[in-house]
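Asker: The structure follows.
Numbering (the working numbering), first residue to last: 211 to 404.
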């Protein structure tokens with residue numbers, strides 16, 4: 211089953227995604243980036259992380275599942291005057307790139323929304339050079355806590371998880387990343403939480 215992107219692209223969602231930067235959302239990756247690298251950003255969203263990464267590497271490719279979604283990243287990159295980014299509509303389950311194309315493949319908050327995260331990781335691995343990195347970070351909604359206890363938020367959480375799963379996603383992707391990576395054939399995995 212193909213997954214449906216539960217969050218959509220309403221302005222309220224985009225506003226919450228635009229605060230994301232490479233520094234606050236991909237800091238673990240930054241020490242590995244070099245100016246000559248070719249990077250693929252899977253699920254570029256509004257392009258804030260994409261543009262930050264592009265400023266650090268030689269070439270960036272940003273992908274999204276629709277042209278409308280990709281236009282958001284294109285606008286961010288253009289607004290920053292970056293000229294080392296191309297854009298492509300792509301399905302992470304079947305990336306249209308040769309094997310070993312990229313030094314780094316990055317996916318921020320993507321795997322929780324795809325129908326087959328193991329297959330997606332296999333594809334990401336396939337297009338990454340043997341000495342490269344696949345960098346994935348995802349939420350774990352069951353790890354969200356609040357106090358004082360608020361029944362309305364508990365109800366929201368239950369509804370969101372049910373909806374995300376009925377749309378083909380996995381809202382607790384964060385805790386599954388290591389096992390998904392192993393199932394996708396990765397051997398040298400560094401797993402962290404933040």
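All residues carry an ideal CB built from backbone N, CA and C; glycine is no exception.
The model shown is predicted, which means the values in this text are computed figures rather than measured ones.
#1: With residue 370 as the anchor, note down where its alpha helix (DSSP H) starts and where it stops.
#2: Closer than 8 Å by C-beta to residue 299: which residues in its own chain qualify, once you throw out the five before and the five after it? Chain order, please.
#3: In chain order, what are the residue ranges of uninterrupted beta strand (DSSP E) at least 3 long that sit wholly in the segment 302-353?
#4: Restricting to Cα atoms, I'd like to know which of 287, 234 and 238 is closest to residue 260.
#5: Could you give the DSSP three-state label for residue 251: helix, strand or coil?
#6: According to the neighbour-count rule (16 or more other Cβ atoms, all chains shown, within 10 Å of its Cβ), is residue 380 buried or exposed?
#7: If I follow the unbroken beta strand (DSSP E) through residue 296, where does it start and stop?
#8: If you draw a straight line from the C-alpha of residue 335 to the C-alpha of residue 397, how long is it?
#9: Within its chain, find whatever has a CB closer than 6 Å to the CB of residue 367; leave out the 5 residues flanking it on each side and keep chain order.
#10: In chain order, which alpha helix (DSSP H) runs of at least 4 residues are fully inside the segment 234-284?
#11: Over the uninterrupted alpha helix (DSSP H) stretch that includes residue 390, give me the two end residues.
Answerer: With the structure as the only source:
#1: 361-376
#2: 273, 274, 275, 276, 277 and 280
#3: 312-318 and 338-347
#4: 287
#5: strand
#6: buried
#7: 295-299
#8: 11 Å
#9: none
#10: 258-264
#11: 387-393
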